[in-house]
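At position 120 of the sequence shown the residue is numbered 120 (full-length UniProt numbering), and the sequence of numbers has no breaks.
Here is the structure we will look at, set down as structure tokens.
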Amino acid sequence: MKQLIKSFTYKDVFPSRLQPFTSVKESEHEDSEVEAFKKKIEHEVDFESSEKTCTKNYGHPGFIPVTELKTSHFPEEYQDQDLVDTIKLLGDLTVKIIVTVSDKVKIGSGRIFELTKSTQKGTCPCSDCRNNSKHTQNWWEIVVLTSIHVVNNKEDAENTKCRLFYDTEDSSLVNLEGAMVENSSQNKNNQICRLICVTCDEVLSNRIDDLLKKFIENYEKVFDKFWDVKNSEKLVVIVSHPHGTPKKVTIGKSDERKKISDGHSVLTYSTNTCPGSAGAFLYIL
1 MKQLIKSFTY KDVFPSRLQP FTSVKESEHE DSEVEAFKKK IEHEVDFESS
51 EKTCTKNYGH PGFIPVTELK TSHFPEEYQD QDLVDTIKLL GDLTVKIIVT
101 VSDKVKIGSG RIFELTKSTQ KGTCPCSDCR NNSKHTQNWW EIVVLTSIHV
151 VNNKEDAENT KCRLFYDTED SSLVNLEGAM VENSSQNKNN QICRLICVTC
201 DEVLSNRIDD LLKKFIENYE KVFDKFWDVK NSEKLVVIVS HPHGTPKKVT
251 IGKSDERKKI SDGHSVLTYS TNTCPGSAGA FLYIL
């Protein structure tokens with residue numbers, strides 16, 4: 001059965017061939033891919049119930065745990081180990097975003113885009129340094145790309161946590177804290193939010209830096225390998241946290257890309273998403 005077609009807009013801000021294909025619905029219900037809850041008690045949200053009662057993709061066929069991804073999951077012409085490795089690296093950079101404002105919780109996905117060592121004077125602004133008098137002088141800013149429907153403004157950013165490396169239910173808890181937003185706009189042609197997170201964890205920063213380098217290297221390798229593949233439909237892969245659960249990979253195809261303004265296009269695609277997938281990076285080959 002043919003999947004429902006989604007669409008999104010993007011603006012070219014990625015270097016080289018990398019572009020922020022970010023999963024954002026363009027419809028009258030633009031926030032429908034954001035999972036929203038009211039907290040039952042402090043920091044407790046019933047994700048499991050939401051997944052079980054999902055009516056959009058009942059049973060979630062085709063949602064592949066990122067740890068189980070293999071070449072046979074892809075169409076025959078794309079069954080390549082380098083592609084699998086690249087998607088898994090994309091998974092390593094994919095984060096679960098939790099925005100808690102008052103008694104409401106929004107859940108979405110995002111992708112770590114860049115990391116820089118802060119040149120600002122003073123101490124790290126993370127909560128550990130603020131609350132525990134650590135006064136760490138060296139800290140890093142990490143840009144996470146997501147949808148403006150997930151993180152919309154400064155208040156959202158300051159109440160955001162990004163969970164990293166959430167691949168299975170047993171994954172260790174590793175969080176980044178949101179600090180501010182850049183380029184978050186209500187312009188319908190720019191639905192991408194640059195969420196700035198901070199950390200003074202040098203080991204974590206080095207790990208993220210290494211993953212970013214490896215992802216770009218693999219991305220370029222796979223792009224070159226499949227440059228001559230002549231398909232009318234492009235492969236579209238999404239790694240996200242549907243319903244706030246551990247990372248899943250969904251695979252589909254695109255069938256149309258239409259320019260709507262300078263630097264902006266709309267792409268329709270068949271790859272499955274669910275509430276909680278909003279803001280996820282689209283890997284297009």
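Glycine included, C-beta positions come from ideal geometry on N, C-alpha and C.
The structure displayed is predicted, hence computed values, not measured ones.
Sequence-distant residues of the same chain with beta carbon closer than 7 angstroms to V84, five excluded per side: L69, K70 and T71
How about the region 152-164 and the region 120-128: do they share at least three Cβ pairs that are nearer than 8 angstroms? no
Once DSSP output is grouped into helix, strand and coil, what is the label at F223? helix
Candidates P246, L267, Q79 and L282: closest to L173 by CA position: P246
Using CA atoms only, rank isn't needed, just tell me which of V99, V144, T136 and V105 is closest to F281. V144
Under three-state DSSP, which class holds P246? coil
Tell me whether the beta-carbon of L211 lies closer than 8 angstroms to the beta-carbon of D82. no
Who are L164's beta bridge partners in DSSP? V174
The alpha helix (DSSP H) that contains I87, what's its start and end? Q81 to L93
Taking the beta carbon of W140 as the centre, do at least 16 other beta carbons fall within 10 Å, making it buried, or is it exposed? buried
Give me the residue from T136, D201 and T250 with the minimum Cα distance to L90. T250
Measure the C-alpha to C-alpha separation of G178 and L195 and round it to an integer number of angstroms. 7 angstroms
Take F74 as the anchor and find which of S277, A278, T268 and K234 has the nearest alpha-carbon. K234
Suppose contacts are defined by Cβ-Cβ distances below 8 angstroms. Is I208 in contact with I87 by that definition? no
Under the three-state DSSP convention, the category E233 falls into: coil
Just the C-alpha distance for I284 and H241, rounded to the nearest angstrom, thanks. 19 angstroms
Given a cut-off of 8 angstroms on the beta-carbon distance, is the pair V181 and I97 in contact? no
Grouping DSSP H, G and I as helix and E and B as strand, with all else coil, what is D103? coil
Ordered along the chain, which non-local residues of its own chain (more than five positions away) have a Cβ less than 6 angstroms from that of Y78? L235
Less than 8 angstroms between the CB atoms is what I'm expecting for N132 and E202, so what's the real figure, rounded? N132 to E202, Cβ: 17 angstroms. No contact.
Beta-carbon contacts of S171 that lie in its chain and below 8 angstroms, excluding the five residues immediately before and after: F165 and P246
Identify the residues that DSSP records as bridge partners of S109: which are they? K96
Just mark P61 as buried or exposed, buried being the case when its beta carbon has 16 or more other beta carbons within 10 Å. exposed
Between the Cα of D128 and those of V198, V105 and N218, spot the shortest distance and give me the residue it belongs to. V198
Residue environment, K248, which counts as buried when at least 16 other CB atoms sit within 10 Å: buried
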